[in-house]
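Engineer:
Numbering (this note's numbering), first residue to last: 1319 to 1703.
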């Protein structure tokens, strides 16, 4: 550890792992602590029921509910407010923090957090962009399931965010992305997501036709993806494998979708489970039918770390091509028919497909570890340490 002081500014609790955003926050925080002294400025938006006792974590509960005029201002694509609205309280606390102590580096978790804090000079700021800010709106603009007027709005919003965010990204000292293809300028680095491995043990418990999806089900890309999977893929799977079961794990599923999904044969919407390890042991196959959103899907890495046969959409595979190989580490479906065919292949002889789980696990251990994250941070942010 070098004699440097880092301020890490986040809106996600660095001690919580309940979503992919929380997991990346935690891994980044742990990696920073291995390189230098770290103070955390934590604006608590999502985890008000989780206490933090670390003396180096300065937590403030904030409410970012915006009025109508502020929301309208956020629609005008000619200033940073198109990314996020500046929060007066957050800005004041941030200024007091950096004036009170000399920090060598300030690291923001997400570009929106920096904008919320009113940052004006980005020259000494490092931002974990994670997902390119405009990608999600761009994908929604291309989604024919939305009305034409919504797609026009999403396209307009994507253009505005790209216009402003691109300028900020060029001006900051350094930014990290979760996808190597999103490193758009010379001051960018790929910082991989890594799985939140629950324990160092074997999660393989025989071969069966149980299929698992794990995700935060209040997140639209997750429940939209599962809904599509059940309506367009699962029925084909059930026709050939009537003894197959599909388990959906994660809290927040909209009630109307839960009722609709459970009307299908052998679909089990479990919500939050106390023992996720047991669910992984119970299922031989994990799917990730995600078709929107941005960044990479930590749920794919987690499933591979559990030695599961993974069948994922090509969108969910985005960002993993440098270290994971379709047909070797996992299976990638380019269409609904592909997904049905691949699952039929796996369920027809699960034991014959276990080599995918083994190869995938080895690739995770080699390329997606905390050591890899620490190495990137040391080399890019603190090369003199």
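Built from N, CA and C at the ideal position, the CB exists for glycine as well.
Which value, in whole angstroms, describes the spacing of the CA atoms of residue 1376 and residue 1502?
Structural biologist: As a working mapping, residue 1376 is identified with position 58 in the chain shown. As a working mapping, residue 1502 is identified with position 184 in the chain shown. Each residue's alpha carbon lies about 33 Å from the other.
Engineer: Between residue 1490 and residue 1505, is the Cβ-Cβ spacing less than 8 Å?
Structural biologist: One-based indexing of the chain shown puts residue 1490 at position 172. One-based indexing of the chain shown puts residue 1505 at position 187. Against a cut-off of 8 Å, the Cβ pair of residue 1505 and residue 1490 comes out as a contact.
Engineer: Which residues in the same chain as residue 1321 place their Cβ atom closer than 6 Å to its Cβ, once the five residues preceding and following it in sequence are excluded?
Structural biologist: Counting from one through the chain shown, the residue named residue 1321 turns up at place 3. So the list is empty, once near-sequence residues are dropped.
Engineer: Decide if the stretch 1685-1697 is in contact with the stretch 1540-1556; the criterion is three or more beta carbon pairs, one per stretch, under 8 Å apart.
Structural biologist: They do not touch, by the three-pair rule.
Engineer: Given this structure, state the Cα-to-Cα distance separating residue 1434 from residue 1410, to the nearest angstrom.
Structural biologist: As a first step, residue 1434 must be located in the chain shown, where it is residue number 116. As a first step, residue 1410 must be located in the chain shown, where it is residue number 92. Each residue's Cα considered, the two are about 11 Å apart.
Engineer: Grab me the residues of residue 1457's own chain with a C-beta within less than 7 Å of its C-beta, minus the 5 sequence neighbours each way, in chain order.
Structural biologist: Residue 1457 sits at position 139 when you count from the first residue of the chain shown. So the qualifying residues of the chain are 1610.
Engineer: Going by CA-CA distance only, name the one from 1573, 1562, 1547 and 1673 that's closest to residue 1655.
Structural biologist: Here residue 1655 corresponds to residue number 337 of the chain shown, with the count starting at 1. That would be 1547, whose Cα lies nearest to the Cα of residue 1655.
Engineer: Please work out which residues of its chain come closer than 8 Å, Cβ to Cβ, to residue 1676, disregarding the five sequence neighbours upstream and downstream, and give them in chain order.
Structural biologist: On the chain shown, residue 1676 is found 358 positions in, with the first residue counted as 1. The answer, listed in chain order, is 1625.
Engineer: Rounded to whole angstroms, how far is the Cβ of residue 1536 from the Cβ of residue 1570, which I believe are closer than 8 Å?
Structural biologist: Residue numbering aside, residue 1536 sits at position 218 when the chain shown is read from its first letter. Residue numbering aside, residue 1570 sits at position 252 when the chain shown is read from its first letter. With a Cβ gap of about 3 Å, residue 1536 and residue 1570 count as contacting.
Engineer: Helix, strand or coil: which one does DSSP assign to residue 1471?
Structural biologist: Taking the first residue of the chain shown as position 1, residue 1471 is located at position 153. Three-state DSSP puts residue 1471 in a helix.
Engineer: Can you pull the DSSP bridge partners for residue 1631?
Structural biologist: Your numbering for residue 1631 matches position 313 in the chain shown. For residue 1631, which the question treats as bridged, DSSP gives the partners 1651.
Engineer: Please list, in chain order, all residues of the same chain as residue 1545 whose beta carbon is under 7 Å from its beta carbon, the five residues on each side excluded.
Structural biologist: Taking the chain shown and counting its residues from 1, one reaches residue 1545 at position 227. Closer than 7 Å at the Cβ level, and outside the excluded window around residue 1545, lie 1575.
Engineer: Since residue 1425 and residue 1324 should fall inside the 8 Å C-beta cutoff, what is the C-beta to C-beta distance between them, to a whole number of angstroms?
Structural biologist: For the purposes of this step, residue 1425 is identified with residue 107 of the chain shown, where counting begins at 1. For the purposes of this step, residue 1324 is identified with residue 6 of the chain shown, where counting begins at 1. Their Cβ separation, rounded to whole angstroms, is 6 Å, which keeps residue 1425 and residue 1324 in contact under 8 Å.
Engineer: Do you know how far the Cα of residue 1615 is from the Cα of residue 1603?
Structural biologist: One-based indexing of the chain shown puts residue 1603 at position 285. One-based indexing of the chain shown puts residue 1615 at position 297. Near 16 Å, if we compare the C-alpha coordinates of residue 1615 and residue 1603.
Engineer: Within 8 Å, do at least three Cβ pairs link the stretch 1628-1639 to the stretch 1555-1569?
Structural biologist: Not touching, per the Cβ criterion.
Engineer: How should residue 1634 be labelled, buried or exposed, when 16 other C-beta atoms within 10 angstroms of its C-beta is the threshold for buried?
Structural biologist: Numbered from 1 along the chain shown, position 316 holds the residue referred to as residue 1634. Classification for residue 1634: buried.
Engineer: Does the stretch 1681-1693 come close enough to the stretch 1641-1660 to have 3 or more Cβ pairs within less than 8 Å?
Structural biologist: Flag = yes, the stretch 1681-1693 and the stretch 1641-1660 touch.
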